[in-house]
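Sequence order for the protein chains is A and B.
Per our numbering, the very first residue in the first sequence carries number 149; after that it's consecutive.
Per our numbering, the very first residue in the second sequence carries number 140; after that it's consecutive.
One structure below.
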Amino acid sequence: MSPQHTIYPILFSKPHHIPPLGTTTAMTSPQSAFRAPAFIRRLFSHFPLIIHPVDPPPMTTDEFQPTTSRDSQGSINTLYSFTDSTDGSIASFNPACLKWQTYLKIRNIPIKTQPSNNHASPSGSLPFLVISSRSDRICQTIPSTKMARWIEDHATEGSVNTVDTDAGDYRAFLSLVEGAVRDAWLYALYIDPSNLSSLTVPKYTSPIPLWPIPTILGSQMRQAAIDAIRKSSSSPSLPSGTEIYTKALEAFKALSTLLGHDTWFFGASEAGIFDAEVFAYTHLLLNLEIEGSGGVVVEGLREFDNLAGHEERITRRWFKSPLATFH
Amino acid sequence: MAAGGSGDVFDILKDASSPDTIAAQRAAQKARDDEISRKAQRRAAETIQGHSSQPVYFDSITILGAPRTRRSFLERLVKPALDRSDQGDFTLKDALRELSKAIGGLHHFEIFKPDIPFYIDTPSDYTYDPKNPNNPIPLSAIINVKEKSRFFLKSGTDLGNTEGSAYLQGSLRNVFGGAEFLHVSASKGTRTRSAYDATFTTPINSSPLASIELKGLSTARDNSHSSHTELSRGFIGTARWATPAYNLKQSISYEGLWRTLTELHDDASPSVRRDAGESLKSAITHLLTRDTRDNPILPSSGTLLRLRNSIAGLGPLKGTVAHWKSEAETALAYPLFKGITVNSSFRGGVLYPLTLSGDSAPKPSTIADRFHIGGANDVRGFQTGGLGPHSGKDSLGGDAYVAGSLGVLFPFPRVGTDSGLRFQAFINGGRLLALERPPGVQDMNIAQGMKYTVSRLLTEAPSLAAGVGIVYGHPVARFELNFCLPIGVRGTYGEEGAERARKGIQFGVGVEFA
Chain A
149 MSPQHTIYPI LFSKPHHIPP LGTTTAMTSP QSAFRAPAFI RRLFSHFPLI
199 IHPVDPPPMT TDEFQPTTSR DSQGSINTLY SFTDSTDGSI ASFNPACLKW
249 QTYLKIRNIP IKTQPSNNHA SPSGSLPFLV ISSRSDRICQ TIPSTKMARW
299 IEDHATEGSV NTVDTDAGDY RAFLSLVEGA VRDAWLYALY IDPSNLSSLT
349 VPKYTSPIPL WPIPTILGSQ MRQAAIDAIR KSSSSPSLPS GTEIYTKALE
399 AFKALSTLLG HDTWFFGASE AGIFDAEVFA YTHLLLNLEI EGSGGVVVEG
449 LREFDNLAGH EERITRRWFK SPLATFH
Chain B
140 MAAGGSGDVF DILKDASSPD TIAAQRAAQK ARDDEISRKA QRRAAETIQG
190 HSSQPVYFDS ITILGAPRTR RSFLERLVKP ALDRSDQGDF TLKDALRELS
240 KAIGGLHHFE IFKPDIPFYI DTPSDYTYDP KNPNNPIPLS AIINVKEKSR
290 FFLKSGTDLG NTEGSAYLQG SLRNVFGGAE FLHVSASKGT RTRSAYDATF
340 TTPINSSPLA SIELKGLSTA RDNSHSSHTE LSRGFIGTAR WATPAYNLKQ
390 SISYEGLWRT LTELHDDASP SVRRDAGESL KSAITHLLTR DTRDNPILPS
440 SGTLLRLRNS IAGLGPLKGT VAHWKSEAET ALAYPLFKGI TVNSSFRGGV
490 LYPLTLSGDS APKPSTIADR FHIGGANDVR GFQTGGLGPH SGKDSLGGDA
540 YVAGSLGVLF PFPRVGTDSG LRFQAFINGG RLLALERPPG VQDMNIAQGM
590 KYTVSRLLTE APSLAAGVGI VYGHPVARFE LNFCLPIGVR GTYGEEGAER
640 ARKGIQFGVG VEFA
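As structure tokens, this is what we get:
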């Protein structure tokens, strides 16, 4: 879905199962292909002789801290994302996470957020959603690739936003956001050394801020960003920052024209996934204190009043604003 | 070919060079040589015996054949012998004892080839004064060593606890001439998927009883029982020392490990997902071991006591996890009769969360730090990490545990006790709990919670399994093939949070069995 997902901190292959080893687990178990003789099965059916009640699982950070109020029963949707907070109305600092966080909010699905990292994700990248129900302790994990489907099935009311996401012009505008805008974001935050060291690395390595780990992860993130830009520009050499920023500003111009005087994109009566997609970048670009070369894009974006207004509308309605997380 | 009568000569010639004949001749020659050397030894021994109370002193001790070993290192090894001789009241018997101690020390460091010969003579300018037979006689001792080769490569397979691995190791012996070793090794295994490490060890003050070890490592470990792979890289520095009089061995180590829990299985539980990612453990560990067992792989008598205490993340240690982890282990082997032995063990541990420097309150433990018990050479009759809190198929681990076992080992009929083969019957069990808030208490007070958890641990029935099987104690590892049946288990099969027992055959290989 989002090409953003190849960033931070390490690109790794999809989790693969290690087949159980003969020495420990390949022996007779009741459900294996090998069926034990009847007398063995009869014997096994008597054991264990005593069944005790199960023990509670280890406490989570929330349960551990006396100050936080504990959630009531019922199902809890937790969006595992790059964030500093478990409060679902505090914006994530990662565009891919913020996009889904915003869309879940738009669709009125209550969520908590959980600070996490790509290692935790079933797809290898954040965000993903865990649906848990306190009553039966059963959990379901939804990777970002299946989130749109899940939201459609679980949102309390149907979407008012009826933009055809398969239409040609929709796809063209989407590729502007996921191409030009994303590349500028990557260049400004990961490749420009001033933001990498003052903003990106501290933010993404805040759980483990001790030398030399942030430095190592930082260089891995930077390399991943370079690879992602190369891949999308399909040229063997990395385009220059000016080139990337110019393309991004052209994209914003096109988006500004598309929005016009409407409240939401494509003239919809309610915000939709595309609004979340654009907001994820405009919100972060306008609210993070981006220094260095990326300032060009931020300044350029501010010029488009309707895009800034769109960003403000979403922030006011669904988030605790303004995002003041970078101090 | 020559035919007829000349055959005899050829036969004799042929016979003379046949391997059998040569071997027989050599054996006869060797027997004669041995006999001569035995007689010479006996004569020497008698001579020494006869003069064992003769006062002597060391005029010199010379170590030959150690060009790459530092003089100061060797001096410290022979110094006790010279000091003892200088004190006076020193007899030939004392001299021999001190010399053999020094040679024992030389052996210990594994930098010289075994079987170190030594010679004793009087200095060439010494003349015996028959009028004063009680004047101490000066001795010149010569110890003739051969240094082992400096570099060696080794490859092979290893059997660790429930895992097999193949390794390649390159070593540099006697790096700075003071019995320092540098080992660099790479291994691929079944559970430890890959491990690379470089270890430097050096004796402290030429002592065979104290050493320092510095190690850098990078490992990837498959923790399938908790649906993830754990990568660790970092540094461990260890100081070890032994107190032979009390059979005590101790060590203090510092470890700084960067750990990454990654490659989660698709069905990994949320608890595992919450703990996935990076952490840094910076910890100091003290380990004390007192082992009087006759054979750690298949003991028939003796006891083991092991205490391990580790502090992580407190104050200047930093890191991202903070806890005090304390474990105690005891084992007893007792011979009954006719080679039948009773083996028992008992162990327990707690993980006490501490406040990380800079934080306001302690954080809960993570899956990488918690205890996981159960398995073919742990609590048998359970899967690896099969006891304690679970979610889905994942072992979540616990913050406090007790485990114990009682077994009887019988020698195989007709094979006897020397073979290492035994029948065994055992019952073992354990209890593993996560830190819990006492019922009715709202605030999470760690001390209160730990007290409550430990009291539950000690008062409630443990999960139990029993079984019979065959044990083979090989010098490098112990093999067990058991038929196990669970007796008491928490939760039924398939229930959320249930422990994972194993019914039927279980095979275990390992160096350490609980």
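Even for Gly, the Cβ is constructed at its ideal location relative to N, Cα and C.
Only a predicted model underlies this, so the values are computations on that prediction, with no experimental measurement involved.
Against chain B, the beta carbon of residue 275/A has no neighbour under 9 Å; the closest one sits roughly 12 Å away. With a threshold of 16 other beta carbon atoms within 10 Å, residue 164/B falls short and is exposed.
For residue 352/A, no chain B residue has a Cβ inside 9 Å of its Cβ, as the nearest lies near 10 Å away. Here the alpha carbon of residue 244/A sits roughly 53 Å from the alpha carbon of residue 484/B.
Within its own chain, the residues whose Cβ lies closer than 8 Å to the Cβ of residue 546/B, once the five positions on either side in sequence are excluded, are 481, 482, 483, 563, 564, 565, 566 and 567, listed in chain order. Straight through space, the alpha carbons of residue 400/A and residue 461/A are spaced by roughly 17 Å. Contact with chain B is found for residue 228/A, since one of that chain's Cβ atoms lies less than 9 Å from the residue's Cβ. Residue 190/A counts as exposed, since fewer than 16 other C-beta atoms from the protein chains shown sit within 10 angstroms of its C-beta. The residues 530, 531 and 533, in chain order, have a CB closer than 6 Å to that of residue 408/B in the same chain once the five nearest residues on each side in sequence are set aside. At a cut-off of 9 Å between beta carbons, residue 458/A makes no contact with chain B.
Shown here, residue 325/A sits in a helix according to DSSP, grouped into three states. With fewer than 16 other beta carbons inside 10 angstroms of its own, residue 161/B counts as exposed.
Contact check for residue 572/B against residue 527/B passes: the beta carbons are separated by less than 9 Å. DSSP places residue 225/B in the helix class (H, G or I) of the three-state scheme. Within the segment 162 to 192 of chain B, not one residue has a Cβ closer than 8 Å to any Cβ of chain A. In the three-state reduction of the DSSP assignment, residue 335/A falls in the helix class, which pools H, G and I. In this structure, residue 267/A lies away from residue 442/B, with their beta-carbon atoms at least 9 Å apart. Annotation for residue 248/A: no beta strand (DSSP E) segment contains it, though the alpha helix (DSSP H) segment containing it runs 243 to 254. The C-beta distance from residue 489/B to residue 465/B rounds to 6 Å, short enough to meet the 8 Å contact threshold. Counting only residues of its own chain and dropping the five nearest sequence neighbours on each side, residue 279/B has a CB closer than 6 Å to the CB of 198, 199, 260 and 262.
Contact of residue 651/B with chain A is not assigned, every C-beta pair being separated by 9 Å or more. Inclusion of residue 231/B and residue 288/B in the CB contact set at 9 Å is not warranted, their separation being larger than that value.
Assignment of residue 198/A by DSSP, reduced to helix, strand and coil, places it in the strand class. For residue 468/A, the number of other beta carbons within 10 angstroms of its own is below 16, and it is reported as exposed. Contact check for residue 324/A against residue 403/A passes: the beta carbons are separated by less than 9 Å. Within the segment 398 to 415 of chain B, the residues whose Cβ lies closer than 9 Å to any Cβ of chain A are, in chain order, 399, 400, 401, 402, 403, 404, 405, 406, 407, 408, 409, 410, 411, 412, 413, 414 and 415.
Residue 280/A reaches chain B at 409, counting residues in chain order whose Cβ is nearer than 7 Å.
Every unbroken stretch of the beta strand (DSSP E) spanning 3 or more residues and falling wholly within the segment 380 to 462 of chain B is given here in chain order: 387 to 401, 416 to 430 and 441 to 451. The alpha carbon of residue 542/B has as its nearest neighbour, out of 600/B, 581/B and 309/B, the alpha carbon of 600/B. Against chain B, the CB of residue 242/A has no partner CB under 9 Å away; the residue lies outside that interface. Chain B has a Cβ within less than 9 Å of the Cβ of residue 197/A.
In the DSSP assignment, residue 629/B falls within the beta strand (DSSP E) that extends over 617 to 629. For residue 322/B, the beta-bridge partners assigned by DSSP are 310/B and 338/B. Taking a C-beta cut-off of 8 Å against chain B, none of the residues of the segment 373 to 405 of chain A qualify. At least 9 Å separates the beta-carbon of residue 372/B from that of residue 330/B. Between residue 616/B and residue 649/B a beta carbon distance of about 6 Å is seen, short of the 8 Å cut, so the two are scored as contacting.
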